[in-house]
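Going from the sequence shown to the working numbering is simple: count from 1 and add 27.
Ideal Cβ placement from N, Cα and C applies to all residues, glycine included.
Values in this document were obtained by computation on a predicted structure and should not be read as measured data.
Written below as structure tokens is the structure these notes are about.
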Amino acid sequence: MLTATNIGTLITCSPDVGNGRPMIAGTRTSVSRVVVLYKQGANAEEITRRISHLNLAQVYAALAYYHANRDQIENELAQAEAEYWSLATLHSQKDKKEDE
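Rendered as structure tokens:
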């Protein structure tokens, strides 16, 4: 007899892993990482090729979580982008000072 997987177990949030961000259970892969590829136009099969340790059920669970919690994930992505640009600006300023 086959055992069914409770899809609610495929995504986890823990302050000990990924700073509390939603993660694919049993991995160190965030839902946001899957969503970035999805927003770049990759379908679920392509995402599993790019992140080869994930299976289709995990990718679809991440995408379902995103669609059910879009505001939360979009906020995470916006924060990550703002942090990236802040660090890029600091790095650029540091380079300019070293060139002087």
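Sequence-distant residues of its chain with Cβ nearer than 8 Å to residue i (five each side left out)
i	result
ILE34	ALA84, ALA88, ALA91
ILE74	VAL61, LEU64, TYR65, LEU81, VAL86
ARG48	CYS40, SER57, VAL58, SER59, GLU103
Residues that residue i bridges to, as DSSP identifies them
i	result
ILE38	ILE51
Own chain residues within Cβ distance below 6 Å of residue i, not counting five before or after
i	result
LEU17	Outside the displayed range of the chain (28 to 127) lies residue 17, so it cannot be described from this structure.
Spatial neighbours of residue i in its chain, beta-carbon cut-off 7 Å, leaving aside the 5 residues before and after
i	result
ASP98	none
THR36	ALA52
What residue ranges within the region 53-94 form continuous alpha helix (DSSP H) runs of no fewer than 4 residues, ordered along the chain? 58-66, 71-77
For the region 55-69 and the region 90-105, state whether three or more C-beta atom pairs, one from each stretch, are separated by less than 8 Å. yes
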